[in-house]
Ligand SMILES: O=c1[nH]c(=O)c2nc[nH]c2[nH]1
Ligand SMILES: [Zn+2]
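Rendered as structure tokens:
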């Protein structure tokens, strides 16, 4: 269903149980880390949250006759943030393969070649954004394919829906089919042109995207570093230390480097806006450099299990002072759902005797991921002044969940039930810039008001 672009976004009030994080929780039941209003209200004006608090107080201060949507007894939370996934892998999901390098060659590279065609990209983009919204993800950071058309399809559909999305053209000039390969020069030129077209347009943010060292020549990594130096306001994303064969191959291609991270270090790719997917097999030197540069390690649990890559050691990384995020990594990952991702992440950490409290996991998927993108002043919380990307979660969404919720004794219990048993069925509504996207029958292609974003 396509609905017309609206000229303005009228004020509205949402009512429900509010949960929003103020900071990272430390251990179990750190109630001071979050705001919880049992009967809470959010005032939304022009796509922004302008007040958050007890419903009676927020309603009393709202403009007269502001319409109210009552979501009680459900939870209102910031939309989930997915800081690592692949837009052109929507049809790679669930492909039977051996580990990373075979999976790339057998399934991923063939699928990505189709994105030279803008119409194909647009068709997949419609389904891709429908899936994000269905699962309560309001911001994501994606690799597009190496074709500029894939970036246009990706940001074009996000713009039509008013979503804050990050992404970029994958740079890759070797060890891939010719139809996917660019050159160092064309990757530079195309990335520059796409940045000029999209970065800061509405809610779009461009991400410099060298796929990984195996598919980039030294000349291309140099170009990626130059792009970052020229555009420090842009993020950069790549992969590292996911799979043992990948690491061996990388060090063969880049002889004389101490380790994998030294390659990215040499070309100036590290920093607080750098997102490094996987970070499973890291040595202590690499962790020290990650900390010094403020680069972010992105944990992708369903992908790491699906591709048999290994176990992300969150405690070790964080004891070295490394910033971490959690993501789906569609299509090596197996679910668009951050709830499913938190559950699998919890299990990966359990295997290493690391156990996260549900406050910590829900913080991670919201404010924590926003902090890893340095965007916590805009997304990831329900604070007044932030963008009105909000999800409505029902901890009793299925008969099994409802039965279990009968015995829940705390908010933490309910969150843990959501994480362990929940999926898109638990996401009652997804608001993007204050507009409910899921409540519309056939919400594909839903178009929203423009609003006042920084
Ligand atoms: O999980 C992954 N997915 C990819 O597409 C990819 N490319 C390089 N390394 C990768 N890892
Ligand atoms: Zn990836």
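Residue numbers (the numbering used here): 31 to 484. Positions of the beta carbon are idealized from the N, C-alpha and C atoms, including for glycine.
May I ask you to check if the CB of residue 330 is nearer than 8 Å to at least one heavy atom of ligand 2?
-> To locate residue 330, count along the chain shown from 1; it is residue 300. Yes, since a heavy atom of ligand 2 falls inside the 8 Å radius drawn around the Cβ of residue 330.
Quick one: residues in its chain with C-beta nearer than 8 Å to the C-beta of residue 186, no 5 flanking neighbours on either side, listed in chain order?
-> In the chain shown, the residue the question calls residue 186 occupies position 156. 152, 155, listed in sequence order.
Compute the distance between the beta-carbons of residue 288 and residue 315, then report whether it is under 9 Å.
-> Here the question's residue 288 lines up with position 258 in the chain shown. Here the question's residue 315 lines up with position 285 in the chain shown. Their beta carbons are under 9 Å apart, which means residue 288 touches residue 315 by this criterion.
Consult DSSP for residue 467 and reduce its assignment to one of helix, strand or coil.
-> For the purposes of this step, residue 467 is identified with residue 437 of the chain shown, where counting begins at 1. Reduced to three states, the DSSP call for residue 467 is coil.
Would a C-beta distance cut-off of 9 Å place residue 113 and residue 399 closer than the cut-off?
-> The residue labelled residue 113 in the question sits at position 83 within the chain shown. The residue labelled residue 399 in the question sits at position 369 within the chain shown. It is a contact, given that the beta carbons lie within the stated cut-off.
Since residue 336 contacts residue 375 with CB under 8 Å, what's their CB separation in whole angstroms?
-> Taking the chain shown and counting its residues from 1, one reaches residue 336 at position 306. Taking the chain shown and counting its residues from 1, one reaches residue 375 at position 345. The pair is not a contact, with the Cβ atoms about 13 Å apart (cut-off 8 Å).
So the beta strand (DSSP E) residue 51 belongs to, where does it begin and stop?
-> The residue given as residue 51 occupies position 21 in the chain shown. Where residue 51 is concerned, the enclosing beta strand (DSSP E) stretches over 42-51.
Shortest alpha-carbon distance to residue 412 belongs to which of 81, 69, 60?
-> Position 382 of the chain shown, counted from the start, is the residue given in the question as residue 412. Answer by Cα proximity: 81.
Would the beta-carbon of residue 283 be found less than 8 Å away from any heavy atom of ligand 2?
-> Looking up residue 283 in the chain shown gives position 253. Every heavy atom of ligand 2 is 8 Å or more from the Cβ of residue 283, so no.
Indicate the three-state DSSP secondary structure (helix, strand or coil) for residue 450 in the structure shown.
-> One-based indexing of the chain shown puts residue 450 at position 420. In the structure shown, residue 450 sits in a helix (DSSP, three-state: H, G or I).
Presumed contact (8 Å Cβ cut-off) between residue 115 and residue 72, rounded CB distance = Here the question's residue 115 lines up with position 85 in the chain shown. Here the question's residue 72 lines up with position 42 in the chain shown. Not a contact, Cβ separation roughly 27 Å.
List the endpoints of the continuous beta strand (DSSP E) containing residue 351.
-> Your numbering for residue 351 matches position 321 in the chain shown. Counting along the chain, residue 351 falls outside any beta strand (DSSP E), and DSSP gives it neither H nor E.
Local conformation of residue 199 per DSSP, three classes | Locating residue 199 in the chain shown gives position 169, counting from the first residue. Looking at residue 199 - three-state DSSP - the assignment turns out to be coil, as it is neither helix nor strand.
By DSSP, does residue 191 sit in helix, in strand, or in coil?
-> The residue labelled residue 191 in the question sits at position 161 within the chain shown. Helix.
Three-state secondary structure (DSSP) at residue 168?
-> Position 138 of the chain shown, counted from the start, is the residue given in the question as residue 168. Strand at residue 168.
What are the start and end residues of the alpha helix (DSSP H) that includes residue 68?
-> As a position in the chain shown, residue 68 is number 38, starting the count at 1. Segment 64-75 is the beta strand (DSSP E) holding residue 68; no alpha helix (DSSP H) there.
Going by other Cβ atoms of all chains shown within 10 Å of its Cβ, with 16 needed for buried, is residue 239 buried or exposed?
-> Translated into positions along the chain shown, residue 239 becomes position 209. So residue 239 ends up on the buried side.
Shell residues, 6 Å Cβ cut-off relative to heavy atoms of ligand 1 | 116, 130, 134, 138, 241, 242, 269, 272, 333, 359, 362
Sufficient close CB pairs (3 or more, under 8 Å) joining the region 247-258 to the region 215-226 = Enough Cβ pairs lie closer than 8 Å, so yes.
Coil, strand or helix - residue 280 by DSSP = Here residue 280 corresponds to residue number 250 of the chain shown, with the count starting at 1. Residue 280 falls in the helix class under three-state DSSP.
Check whether the region 298-313 touches the region 279-287, taking contact to mean three or more Cβ pairs, one atom from each stretch, closer than 8 Å.
-> no
Please classify residue 46: is it buried, with 16 or more other beta-carbons within 10 angstroms of its beta-carbon, or exposed?
-> In the chain shown, counting from the first residue as 1, residue 46 sits at position 16. Residue 46 should be labelled buried.
Could you tell me the boundaries of the alpha helix (DSSP H) in which residue 315 lies?
-> The residue given as residue 315 occupies position 285 in the chain shown. Run containing residue 315: 314-323, per the alpha helix (DSSP H) assignment.
Can residue 265 be considered in contact with ligand 2, in the sense that its beta carbon sits closer than 8 Å to one or more heavy atoms?
-> Start at 1 with the first residue of the chain shown, and residue 265 comes out as number 235. No, the Cβ of residue 265 stays beyond 8 Å of every heavy atom of ligand 2.
So residue 326 is in the beta strand (DSSP E); what residue range does that whole segment cover?
-> Along the chain shown, read from residue 1 onward, the residue named residue 326 stands at position 296. That run of the beta strand (DSSP E) goes 326-329.
Boundaries (first-last residue) of the alpha helix (DSSP H) holding residue 57 = Taking the first residue of the chain shown as position 1, residue 57 is located at position 27. For residue 57, there is no enclosing alpha helix (DSSP H), as DSSP gives it neither H nor E.
For residue 300, which of helix, strand or coil comes out of DSSP?
-> Your numbering for residue 300 matches position 270 in the chain shown. Three-state DSSP puts residue 300 in coil, outside helix and strand.
Thinking C-beta only, is residue 130 closer than 9 Å to residue 272?
-> Here the question's residue 272 lines up with position 242 in the chain shown. Here the question's residue 130 lines up with position 100 in the chain shown. Going by C-beta atoms, residue 272 is nearer than 9 Å to residue 130.
Pick from 197, 74, 125 that is closest to residue 170, judged by C-alpha positions | Position 140 of the chain shown, counted from the first residue, corresponds to residue 170. Looking at the Cα atoms, 197 is the closest of the given residues.
Separation of residue 463 from residue 76, as counted between CA atoms = Taking the first residue of the chain shown as position 1, residue 76 is located at position 46. Taking the first residue of the chain shown as position 1, residue 463 is located at position 433. In a straight line, the C-alpha of residue 76 is about 8 Å away from that of residue 463.
For ligand 2, any of its heavy atoms closer than 8 Å to the Cβ of residue 101?
-> Mapped onto the chain shown, residue 101 falls at position 71. No, Cβ of residue 101 sits at least 8 Å from all heavy atoms of ligand 2.
Mind checking residue 126: buried by the 16 CB within 10 Å criterion, or exposed?
-> For the purposes of this step, residue 126 is identified with residue 96 of the chain shown, where counting begins at 1. Burial call: exposed.
Using the rule of at least 16 other Cβ atoms within 10 Å of the residue's Cβ for burial, across every protein chain shown, is residue 119 buried or exposed?
-> In the chain shown, the residue the question calls residue 119 occupies position 89. Under this definition residue 119 is a buried residue.
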